[in-house]
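Be aware that the sequence shown starts at 36, since it is given in our numbering, and climbs by one per residue.
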Amino acid sequence: MVVLGAMALGATVLGAQVPSRHRLIIDTDFALPPQDDGLALAFALNSPELDIVGITTVAGNYNLARANADVLRMLEIAGRTDIKVYGGTSKPLNHPVDEYARTHYGKWWSADPPPMPPGGFARIMLQQESAADFIARTVTASPRQIEILAIGPLTNIALAIQKNSSFASSVKRLTIMGGAIASLPDGGGNATPNAEFNIWVDPEAARIVLRSGIPIALSPLNVSRKTAFDKQALDAVVATKTPITRMIESQMGPRFARDANFHPHMYDEVAAASIVDPTIVKTRTMVVDVDDHHGISYGETVGGDDLWPGAEGARRIDVQYDIDNARFMKLFTERISKPLSQ
Ligand SMILES: [Ca+2]
């Protein structure tokens with residue numbers, strides 16, 4: 036605890052500089068657990084290595100109103116109303132709402148009012164500034180100091196790139212949960228046969244972001260598919276009673292009660308944990324680009340060891356391809372189940 040406390044403050048101990056915290060913006064298509072964004076935020080709030088400088092919302096799993104309502108309520112439950120929330124875009128840059136979007140997973144296109152979160156709607160409010168404006172302003176004010184964890188469609192990040200010409204070169208690092216690399220084991224899509232959901236919702240934004248030159252770590256389905264949140268993990272998390280674990284128990288307990296073998300993959304949680312401890316994943320550099328043609332592979336992330344015809348202008352990024360699942364789960368459950376601290 037002494038070591039962590041010193042790290043948390045970025046302090047000097049006996050004249051030796053210890054690592055400073057990651058100053059982090061979290062960009063999320065948020066919903067409360069059992070959705071992975073909710074579990075990832077619970078992990079982040081309880082990780083002293085992370086200094087969350089703001090949360091920005093985007094439409095994805097549900098619409099923007101649901102993301103806003105749920106994340107504001109989660110911060111109240113966690114007692115972290117000091118963290119400001121900035122509302123993002125309610126629709127992708129170009130993706131049309133077609134019959135496939137309406138009938139398959141994801142309510143990004145919906146105008147449904149958000150359901151009441153546990154304990155009622157939050158009393159705290161969104162900030163006036165838009166997500167893209169906040170991201171661009173904050174990052175360019177502290178060049179190469181701010182990291183971004185993007186765990187939804189990349190619309191806000193693409194808009195920040197378009198709004199401010201010095202933004203991309205000012206980002207310290209961008210960790211993305213998204214994509215699926217077919218040329219690596221456990222690839223293949225989940226929104227379509229080839230496309231992963233976050234990238235598929237806004238392929239045009241993802242292509243802008245991946246080609247921007249921002250230092251990127253991609254956490255694709257290839258690693259998500261090697262993980263699962265199971266009954267054992269739930270039991271470990273709720274063994275300690277905190278406002279967060281009680282909420283997780285109320286949200287997820289009934290689901291596991293109906294099916295003890297329920298074991299959803301972990302997506303955004305892996306991306307968040309890989310910032311706290313990069314050694315839990317194996318990473319390789321690849322050229323990665325996004326297919327934004329409205330054809331059978333719309334939204335596919337294609338990765339290769341070198342540039343290939345048609346990918347001119349694509350960039351080399353870090354791609355996670357394997358995970359030490361036992362160490363990840365230990366870190367994840369320990370963090371979520373410990374008492375909340377600021
Ligand atoms: Ca997400």
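Glycine residues also receive a C-beta, built at the ideal position from the N, C-alpha and C atoms.
* To do: Give a yes or no on whether the C-beta atoms belonging to F169 and G222 are separated by under 7 Å.
  => no
* Asked: Using a Cβ-Cβ cut-off of 6 Å (strictly less than) and excluding sequence neighbours within five positions of L194, which residues of its own chain qualify?
  -> A167
* To do: Spatial neighbours of E239 within its chain, please: CB distance less than 6 Å, with the 5 preceding and 5 following residues excluded, ordered by chain position.
  => L128, N129 and D327
* Examine ligand 1 and report whether any of its heavy atoms sits within less than 6 Å of the Cβ of D64. => yes
* chain B beta carbons: is any one of them nearer than 7 Å to that of M160? -> Absent from the structure: chain B. Only one protein chain is present.
* Please say whether I352 and L253 have beta carbons closer to each other than 7 Å? => yes
* Within the chosen definition, does the region 220-235 reach the region 190-210 through at least 3 CB pairs nearer than 8 Å? -> no
* Could you check if P131 is buried or exposed, using at least 16 other CB atoms within 10 Å of its CB as the buried criterion? => exposed
* Asked: Is the beta carbon of D303 within less than 6 Å of some heavy atom of ligand 1?
  -> yes
* Asked: In the structure shown, what three-state DSSP assignment does E284 receive?
  -> helix
* Asked: Looking at the structure shown, is T227 part of a helix, part of a strand, or coil, going by DSSP?
  -> coil
* Option nearest K373 by Cα separation, candidates P83, V244 and L184 -> P83
* Continuous beta strand (DSSP E) stretch holding T92: start and end -> From DSSP, the beta strand (DSSP E) with T92 extends over L85 to T92.
* Inter-stretch contact (C-beta, 8 Å, three-pair minimum) for the region 259-278 and the region 300-314 -> yes
* Check whether the Cβ of D72 lies closer than 6 Å to any heavy atom of ligand 1, and answer yes or no. => yes
* **Per-residue burial, A46 [other beta carbons within 10 Å of its own, 16 or more giving buried]** => Its pLDDT being 44, under 50, A46 is placed unreliably in this model, and the value from its coordinates should be taken loosely. Looking at its Cβ environment, which holds fewer than 16 other Cβ atoms inside 10 Å, A46 is exposed.
* To do: Report whether the distance from the Cβ of G187 to the nearest heavy atom of ligand 1 is below 6 Å.
  => Flag set: Cβ of G187 near ligand 1.
* **Three-state secondary structure assigned by DSSP to I249** => coil
* Asked: In chain order, what residues of the same chain have a beta carbon less than 6 Å from the beta carbon of Q377, not counting five sequence neighbours either side?
  -> Legend: pLDDT at Q377 = 46, less than 50; position of this residue unreliable, value from coordinates given subsequently. The answer is none, since no qualifying residue turns up.
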